[in-house]
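Trainee: Okay, handing you the structure first.
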Amino acid sequence: MTIKIAVIQFPGANCDLDAVHVLRNVVGVDTSLVWHNHFKEADFDGVILPGGFSFGDYLRAGIIAAHSPALDEARIMLKDGRPILGICNGFQILIEAEFLPGALLQNETLKFVCKWVNIKVINDRTAFTHRMKKDDVLAIPIAHGEGRYYTDNLKELEENDQIVFKYSTEDGRFKSEANPNGSLESIAGICNIEQNCVGLMPHPERASESILSPKQTTHGRIFFESMIEFIKRRLT
Amino acid sequence: MDQMEFIIEISLENKPAARDPVAETIKRDLLAKKGYDNVSKVRSGQYLRIIIKAINEEDAKVIVTNMCNDLRIFNPVTQNLNIINVKKL
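These protein sequence lines are chains A and B, in that order.
Residue 122 in this note's numbering sits at position 122 of the first sequence; the count goes up by one each step and never skips.
Residue 60 in this note's numbering sits at position 60 of the second sequence; the count goes up by one each step and never skips.
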């Protein structure tokens, strides 16, 4: 059984090669970097939409990429339960393609924020978090200008257990100073109802090797290990 | 029927429910500080001017509205679409 993962490359992507590196060399899985117009879902068991500034963030971050043929292909994967992860701009694309609900607005501070933050695991049953434990606090960096999550239907999100991560202090408390962008309810990441599609603003691919972490943590790696185990379970 | 060209101006305005820090900053840190304390509210948004072929103004409005809805030119969770002007080119 050979598992194959695609990392989609849009014009203006970044950390796409970081994601490929982590999947290939840290987690050890066959991974292809695929130009967005060439992506065919039938070739892959899972897909990652990386960060960056696809199509220059013109009109609204993620909206142009959301109309790429790659998202039509990914929609097939969404429906048949294969794992889809959107990181930062990838999260914005998943929102604009309506894989995930809500909106990502300009940071409350109006500033681009680039720093390590803590996120608390709220849902430990998704394709990307089932190797974590609820209430675990992960150290992961963020780097974005438009990451303020907003929804006009918070109740539904909570009832469906779609909130996956919230920004928190290191000891897991939700405080405004731990919320880097003014997200509603400190929301850092969400999933679809079926839990095979997750989007988050923090960058797990930048937090998967101890040499890259100020505290020598490797919390990002758990996202990818969860993904691979999720695929193995689906295939057996 | 013959088609003509129309200019349609649209604004994508943020809905009141979501905070609008751009507008808040303009009001608080520019207008109020420079003495324009008679300004009670500012909302920010985006502006697009589209030139389109249609048979009349009403047709042009319908096409643009449908296009904006179909392609999610505005995010309906946080933005409203307003057609602010239509005129024949």
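Note that beta-carbon positions come from the ideal geometry of N, C-alpha and C, so glycine has one too.
Every value quoted in this text rests on a predicted model; they were computed, and no experiment measured them.
What does residue 138(A) pair with, by DSSP beta-bridge criteria?
Mentor: Residue 138(A) is bridged to 119(A).
Trainee: Is the beta carbon of residue 189(A) closer than 9 angstroms to that of residue 199(A)?
Mentor: A contact, by the Cβ cut-off of 9 angstroms.
Trainee: In whole angstroms, what is the alpha-carbon distance linking residue 117(A) and residue 142(A)?
Mentor: Each residue's alpha carbon lies about 7 angstroms from the other.
Trainee: Going along the segment 88-104 of chain A in order, which residues come within less than 7 angstroms of chain B, judged by CB to CB distance?
Mentor: Under the 7 angstroms Cβ criterion, the segment 88-104 of chain A contributes 96, 102 and 103.
Trainee: Measuring only between beta-carbons, confirm whether residue 82(B) sits less than 9 angstroms from chain A.
Mentor: Closer than 9 angstroms: no.
Trainee: So what's residue 5(B) in DSSP terms, helix, strand or just coil?
Mentor: The answer is strand: DSSP assigns residue 5(B) an E or B state.
Trainee: For a cutoff of 9 angstroms on Cβ pairs, would you count residue 24(A) as touching chain B?
Mentor: Chain B contact via Cβ: absent.
Trainee: For residue 148(A), name the three-state secondary structure that DSSP assigns.
Mentor: Looking at residue 148(A) - three-state DSSP - the assignment turns out to be strand.
Trainee: Got a sec: is the Cβ-Cβ distance from residue 158(A) to anything in chain B below 9 angstroms?
Mentor: With 9 angstroms as the cut-off, residue 158(A) does not count as an interface residue toward chain B.
Trainee: Once you ignore the five residues that flank residue 9(A) on each side, which residues in its own chain have a CB closer than 8 angstroms to its CB?
Mentor: If we look at residue 9(A) and ignore the five residues flanking it on each side, its Cβ neighbours are 16, 33, 34, 35, 36 and 50.
Trainee: Can you grab the Cα-Cα spacing for the pair residue 220(A) / residue 83(A), in whole Å?
Mentor: Those two C-alpha atoms are separated by around 16 angstroms.
Trainee: Return no unless some Cβ of chain A is closer than 9 angstroms to the Cβ of residue 77(B).
Mentor: It does: the Cβ of residue 77(B) has a partner Cβ on chain A nearer than 9 angstroms.
Trainee: Compute the distance between the beta-carbons of residue 115(A) and residue 136(A), then report whether it is under 9 angstroms.
Mentor: Cβ atoms of residue 115(A) and residue 136(A): not closer than 9 angstroms.
Trainee: Spatial neighbours of residue 81(A) within its chain, please: C-beta separation below 6 angstroms, excluding the five flanking residues on both sides.
Mentor: So the qualifying residues of the chain are 196.
Trainee: Looking at the C-beta of residue 42(B), does it have a partner C-beta in chain A at a distance below 9 angstroms?
Mentor: With 9 angstroms as the cut-off, residue 42(B) does not count as an interface residue toward chain A.
Trainee: To which residues of the same chain is residue 58(A) closer than 8 angstroms at the C-beta, ignoring the five residues directly before and after it?
Mentor: Closer than 8 angstroms at Cβ, skipping near neighbours: 64.
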